[in-house]
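Have a look at the structure below, then the notes.
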Amino acid sequence: MLKLPPFSYNLRSLWVRKSATLLTMVGIGATVAVLAGVLALQQGFASLYTTGGRSDVVMFLRPGATSEGESGFRRETAEILKKNIPEIAIDGEGRPLASGELYLAVRREKLDGGETNVPIRGVEPMSFAIAGDAMQVLEGRHFEAGTDEVIVGQALVDRIKDCQVGRTILINTTPFKVVGVFDYSGPFRSEVWGDAARMSEALQRPGFSRVVARLKPGTNLKVMTERLKNDKQTPSKVLDEQTYLSSQTMALSVTLYALGVFLALVMGTAAVFAGTNTMLAAISARSHEIGVLLAIGFRPFSIFLSFMFEAVVLGLLGGLAGCLMVIPLNGLRTGTTNFQTFTEVAFAFSVTPRILVISVGFACILGLLGGLIPAWSAASRDPVDALRRG
Amino acid sequence: MPWTLLFKNMFSHPFRTLLTMGSLIVAVFLLCFLRASLVALEAGVAGASSNRLMVQSAVSLFVDLPLSYQGKIENVDGVAGTCKLQWFGGIYRDPSNFFAQFAVDADRFAAAYPEVELTQGSHEDFKATRTGCIIGEDLAKRFGWKIGDTIPLQGTIFPRTDGLPWELTVSGIYKAKTANVDNQTLWFHHAYLDEALVAGQATGPRGVGVYVVALDRGASVERVASQIEDLFRNGPQRVQGTTEAEFQRQFVSMLGSVPTFLGSIGGGVLFAILFAVLNTMLLTARERTHDLGVMKALGFSDAIAFWLLLGESLLVCVIGGGLGVALAWGTQGPLGAGLKQLIPTYVIGQETVLEGLALAVALGFLAGIIPAWQASRLDVVEALRAEI
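Residue numbers (this note's numbering), protein chains in the order written: chain E, 1 to 390; chain A, 391 to 778.
Now the structure itself:
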C-alpha cells in the first residue's frame, strides 16, 4: 500500500499561498469561461431549432429549394398539394390539415439601431390548427382573417421597432396593425404572422412559399417523399419539420463548435503554461518540506501523486471560478443572422449542466497538465540536497 | 541602469521565463487573430467606392426590382451608367462548395466595376460568349478552374426545368484591386439567365436584385439617391439607394452581436493572461527581495529597484508579445486559407500588428507596476532579513 502525504497538507499549502492560488484560479477560470460561453451560445442557438421540430409536421418545398425563402408554388399548385395527398391528416370537419404559407424576410429597423431581416409569414387559418397548443397568444389577440392585422413573435417585441401591440408596421406600401404577441416554438418566435392573402397583395407576391401539413399517424415519410419528388403534376421536396430546422442551423452550429474548440485549445495552452509556473514556484519554495517528506520515508511516487493532487485541486478551483463567471450569462438574450436563411434569429445563452461539467472537467485537465512537470521535479529531488536548500 | 543585471534576472529561471513568454505568445496571437477577423468582417465597408450607388428594394433583401426600372434610373440626372446585379445562389456539386454568383450586364460590367482586373482572359471574350463567366483567382485556385473550363451550377432559386445544371464557361479570371470585392465571386450574363426564364427553360423570379449605379464625376450621391427613390415611391416596389459602403454595412449589421461577442472573447483572453503574467512577476519580486536589499545596502537608488522589476516585466511581455504578433503574421497564409469560407479576407494588417504590440506593452506595464512599486519601497533591513 502506497502511503501518501495527507491531502490536508496540499490544501493548506494552497491556502498559505493565497495570492498565487487566486491568480492562477482566475486565469484558469477565464479560460474555462470563454469555452463555456461559446458552448452556451451554441447550445442556445441549437436548442432553438432542435426542440421545436415535430416529426409529424411536414413541409412541401419547390424541388431544388433549400429553404422557404427560395421556395415558391403557384396558388393552383398549392391547392392541389393540399387536397390530393392521402397522407395528410383530416380535422373534425373533414378538411385536410394543410395550409399554404407565404414567407418573406423584410427589412426592419432594430430598436438599438441598424437594420435586420425579419421573416413575415402570411398564413391560412389551417396553420393555427397545425400549430395546435404549441402556439399561444401572450398579449392582445389573434389577427382577424382577411384584414390588415398582424401578430408578432415574442422575441421581436424588445428588439424590433414597431413590433409592439397597438403600433403599425408598414409592409411595402400597406400599413398593418399589430394586435397581438404570440409565443411558439423555435425560430417562429422571431416572426411576424398575418393573413396570407393580404400579405400576398401587400408584398406583390402571388402564390405561396411552402405548404405545411400534419400527417396521419404511421405515415411512411420516405415513400411519400420519393413519390412526390417524381410526381408529374406537382413535383415537390418533402421534409419533416425536424429535418428542415436542423438543416437550417448546421453551418452556424458547426462554426460555433469549431470556434469553441479552437479557443479552448489555444487558451488552454496558455493556461497550462501559467499553471506550471505557479506550481513550480510553489514547489521551489517548499524544497525543504519535500526534503523532510522524503527523509521520513515517503516514496518519490507518493510525492508525485501528492503534487498532482494539488495541481488538480487548483484546476478544479479554477473551473469553479470559471463557472461562476459564466453562469450570469445564462438567459442573456442575443441575436444574429442565420446566414443560411439570411434572417435574424434571437436566442439566449443557455448554460446547461452538461456545459458546466465539461468546463470543470476541462479545468481539471488543465491543472493536471500544468502539474506534470512540477510534480515530477519535486519527486525526483535528492532528499539531502532538498533538505540543505532553503 | 544595470542592464546586464536586468537580463541576468530575466533568465535566472529560464524555464519559468520561457513558460511566461509561451503563454504571452499564445495570448497575443489569439488577440491578433480575433482582431483580424473583426477587421476582415468589415472589410467590404472599408474598400467600398464612394462613387457608386446601390439601388435595391426598400421592402426586402429578397425582393427583385422590375427590369423596366433600369431605363428610368438611367434617365436621372447625374447617372453615368447602370449594371444589373442578380444573386444566383447556384450549387456547384455540393452545398458545402458555397461561393457567390451574380448575373450581370456583360457589356456594362467592366465599366461598373473597374476594380475587377482580369489577370487572364478578356472582357471582350466574356461579352462575346453567351454562357461566359468571370471568376475570382481564389475561386479558380480552389476548384482548379482554367480559362475555357465548364462550370456546372445547379439552380436553387432558378432551377432549370430539365433538372440539369446550368453550364457556364470560364472567359476570365480576376483579381480585385480593392477589398470590397472578394476574389471568390463568379459573374455571368444576366441576358443568358433571363432568356432561359422567358423561354421557359428555367423557373424563378424575373427581375433584378440590385442596380449598380455609377455616378457622373461631381454628382451628389444623396441627391441622385433621393431622386431615384422618389421615382418609385408609390410602387409597385419602393426602392432605396445607398452608397456601396452602406450597402455592405447592412450585411455587417446583420452579424448582430457577433462583433461584440468576438470582443468579449478577446477581453477574456486579456484577463486570463494578465493574471498569469502578474502572478509570475509577483513570484519573481518575492524571490528578489534579498537581492534588492543587498543592492540598496550598496547604495543603488529606489528608482533603480523600481525599474529593474518593471523593466523585466516589460521586456518579457514585449518579447513574448512580439513573438505572438510574429506568429500571427507568419500563419496568416495557412489560417486565411482555412478560413476562406467564413472570413474571406483574413489578413494581419499593420494596425493589428501595432495593436498587438501596444497590448503587450500595456500588459507588461500592468503586471510589473505593483511588484516594482513594492520593490522601490522595500526597507533595506527587512529585505536583508528575508529568507529567500
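Idealized CB from N, CA, C, for every residue including glycine.
For residue i, count the other beta carbons within 10 Å of its own beta carbon; 16 or more makes it buried, fewer makes it exposed. Which is it?
| i | result |
| --- | --- |
| P96(E) | buried |
| G146(E) | exposed |
| T278(E) | buried |
| T509(A) | exposed |
| G714(A) | buried |
| H288(E) | exposed |
| R354(E) | exposed |
| Q574(A) | buried |
| N624(A) | exposed |
| Q43(E) | buried |
| A391(E) | Residue 391(E) cannot be examined here, being either before or after the span of chain E that is shown, 1 to 390. |
| K3(E) | exposed |
| S67(E) | buried |
| R189(E) | buried |
| N220(E) | exposed |
| E464(A) | exposed |
| P724(A) | exposed |
| N230(E) | exposed |
Verify the CB distance criterion: does residue i have a CB-CB separation below 8 Å to chain A?
| i | result |
| --- | --- |
| R107(E) | yes |
| S47(E) | no |
| P63(E) | yes |
| Q204(E) | yes |
| A270(E) | yes |
| F362(E) | no |
| N172(E) | yes |
| A281(E) | yes |
| V26(E) | yes |
| V223(E) | no |
| A196(E) | no |
| S19(E) | yes |
| N117(E) | yes |
| V266(E) | yes |
Does any C-beta atom of chain E lie closer than 8 Å to the C-beta of residue i?
| i | result |
| --- | --- |
| G545(A) | yes |
| A666(A) | yes |
| Q627(A) | yes |
| R425(A) | no |
| G714(A) | no |
| S406(A) | Per the sequence shown, residue 406(A) should be read as Arg rather than Ser. Chain E contact via Cβ: present. |
| A581(A) | no |
| A765(A) | no |
List the whole-angstrom C-beta distance separating residue i from residue j, where the pair is believed to meet the contact cut-off of C-beta under 8 Å.
| i | j | result |
| --- | --- | --- |
| L263(E) | T21(E) | With a Cβ gap of about 25 Å, L263(E) and T21(E) do not count as contacting. |
| G597(A) | D454(A) | 3 Å |
| Y601(A) | Q491(A) | Y601(A) to Q491(A), Cβ: 18 Å. No contact. |
| F548(A) | L583(A) | 7 Å |
| Q446(A) | V629(A) | 7 Å |
| A581(A) | T735(A) | 31 Å between Cβ atoms; not a contact. |
| L660(A) | L421(A) | 7 Å |
Spatial neighbours of residue i within its chain, please: C-beta separation below 8 Å, excluding the five flanking residues on both sides.
| i | result |
| --- | --- |
| S13(E) | A282, R286 and E310 |
| E507(A) | Y564, K565, A566 and K567 |
Going along the chain, which residues of its own chain have a beta-carbon closer than 7 Å to the beta-carbon of residue i, five neighbours each way excluded?
| i | result |
| --- | --- |
| L652(A) | L424, S427 and L428 |
| I663(A) | S413, L414, A417 and L753 |
| F516(A) | A496, G522, I524, S561 and G562 |
| F499(A) | C473 and W577 |
| R74(E) | G207 |
| L203(E) | L104, I171 and N172 |
| K794(A) | Only positions 391 to 778 of chain A appear in this structure, which leaves residue 794(A) out of reach. |
| L785(A) | Nothing about residue 785(A) can be read from this structure; chain A reaches only from 391 to 778. |
| Q544(A) | G480, I481 and P555 |
Output needed for residue i: all residues of its chain with C-beta closer than 6 Å, excluding positions within five of it in sequence on either side, in chain order.
| i | result |
| --- | --- |
| E149(E) | F143, K177 and V179 |
| A666(A) | S413 |
| A46(E) | S253 |
| A586(A) | A592 |
| A773(A) | T679, L682 and G683 |
| D528(A) | N573 and Q574 |
| request: Flag this pair as touching only if the region 707-725 of chain A and the region 399-415 of chain A have three or more C-beta atom pairs under 8 Å; answer yes or no. | output: yes
| message | Count Cβ pairs between the region 734-742 of chain A and the region 661-675 of chain A that sit closer than 8 Å; are there 3 or more? | response | no
| message | Would you call the region 746-754 of chain A in contact with the region 697-712 of chain A, where contact means no fewer than 3 C-beta pairs closer than 8 Å? | response | yes
| Taking one C-beta from the region 606-626 of chain A and one from the region 547-559 of chain A each time, how about it: are there three or more such pairs within less than 8 Å? | no
| said: Contact between the region 112-132 of chain E and the region 210-223 of chain E is defined here as three or more beta-carbon pairs at a separation below 8 Å; is this criterion met? | reply: yes
| query | Looking at C-beta atoms only, is the number of pairs between the region 104-119 of chain E and the region 238-250 of chain E that lie closer than 8 Å three or more? | reply | no
| query | So, do the region 683-694 of chain A and the region 372-390 of chain E have three or more beta carbon pairs nearer to each other than 8 Å? | reply | no
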